[in-house]
Amino acid sequence: MDRERTQTGCLHQDSLAGAIPSSSPRSSRLRVAVSVALLCMGAGLAACSSSSSGPEPEPEPIPAPPTDSGGEQTDPDEPTGSGGQTGVLEGLLQLEDDPGLLSQIPEVVSIDIRADTGLQIAYTREDQALDVPGALVELQWVFMQSCLEQQSVAPVVVIRDGAVTPFTATDDVIYNIEGIAVASSSRRDVPVIQVQEADFDGSLGALGFNLRSVMGRMLWLSASLPERDYPFDCARQTPE
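11 is the number of the first residue of the sequence shown in the working numbering; add one for each residue after it.
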């Protein structure tokens, strides 16, 4: 056996030859071989067999759980265009942060965002949309823009179940003959309009008149047009 040969992961034979007494060259080589084998077994079989068996395969990575790619993740507090989902609209959120806020923002129980115009309708009573359909509110908005020939950011329209209380001191307010606020508008990045639910049952006069009035004034004044030139006839017309 060649003295220069080594076992993988084991001691060199030269370091053992002087430690083991020899009676004959043959027995010496045998003892060395046995000692090397025992040392290899003590050190672990894996060290001796690593050169022949090769490296162990890397474990396969655990695949990540599948994700739903059918649509974007939606925020449960974010309103959608399907209507009926509660959420905080941008215009109302701006009002909440206004230090000049005078009255509490009503609780919104459902929302209808009109796909064609972007008009956002906030209902404050369950099933209120049955009495004030979103399409009817949108019709007033489309009509007033056409009649006045003015365009603006689509507002949030809050349908109030009861009295209208202006949100800020700078709100534009529509009063009835008794001096009661029946509609108002707050001018900001996304305007906020309030109107009584009764504006759509005929008890306050022509259906939707107060909403058209406050919408028309908002469109006109937002364009920095003189208030004295505002054409009241547009609000007096009932769109069909």
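Every residue, glycine too, gets a C-beta built ideally from N, C-alpha and C.
Contacts around residue i, its chain only, beta-carbon distance under 8 Å, and the 5 residues preceding and following it disregarded
i, result
"Gly-9", "What the structure shows of the chain is the stretch from 11 to 250, and residue 9 is not part of that stretch, so it cannot be assessed."
Coarse secondary structure for residue i, derived from DSSP in three states
i, result
"Ser-196", "strand"
"Thr-248", "coil"
"Val-292", "Beyond the ends of the chain as shown, which are 11 and 250, falls residue 292; an answer cannot be given."
"Ser-213", "coil"
"Gln-161", "coil"
"Ser-120", "strand"
"Arg-227", "helix"
"Arg-170", "strand"
"Ala-179", "coil"
"Gln-114", "coil"
"Ala-139", "helix"
Proximal residues to residue i (C-beta, below 6 Å), its chain only, five neighbours per side dropped
i, result
"Ser-63", "A caution first: Ser-63 carries a pLDDT of 47, below 50, which makes its placement in the model too unreliable to give a value."
"Ala-233", "Gln-160"
"Arg-238", "none"
"Gln-204", "Val-168, Arg-170, Val-174, Ser-194"
"Glu-148", "Arg-124, Thr-127, Leu-129"
"Phe-153", "Pro-249"
"Ile-190", "none"
"Gln-247", "none"
Spatial neighbours of residue i in its chain, beta-carbon cut-off 7 Å, leaving aside the 5 residues before and after
i, result
"Leu-235", "none"
"Gln-155", "Gln-161, Leu-229"
"Pro-73", "Only weak support is given to the placement of Pro-73: the predicted model assigns it a pLDDT of 49, under 50, and the value that follows is read from those uncertain coordinates. Nothing meets the Cβ criterion."
"Arg-135", "Val-119, Asp-171"
Inter-residue spacing [alpha-carbon to alpha-carbon] between residue i and residue j
i, j, result
"Leu-158", "Ser-120", "30 Å"
"Tyr-133", "Ala-145", "14 Å"
"Asp-141", "Glu-250", "17 Å"
"Leu-217", "Asp-107", "33 Å"
"Ser-252", "Gln-104", "The question about residue 252 has no answer here: the residues shown for the chain are numbered 11 through 250."
"Cys-244", "Asp-211", "20 Å"
"Asp-137", "Pro-241", "35 Å"
"Val-192", "Leu-221", "9 Å"
"Thr-180", "Gly-110", "9 Å"
Beta carbon of residue i nearer than 8 Å to that of residue j
i, j, result
"Ser-194", "Asp-209", "no"
"Phe-177", "Leu-231", "no"
"Ile-187", "Val-224", "no"
Min CB distance residue i to chain B below 8 Å
i, result
"Gln-247", "The structure shown contains no chain B; it is built from a single protein chain."
Between the stretch 113 to 133 and the stretch 168 to 179, do at least 3 Cβ pairs fall closer than 8 Å? yes
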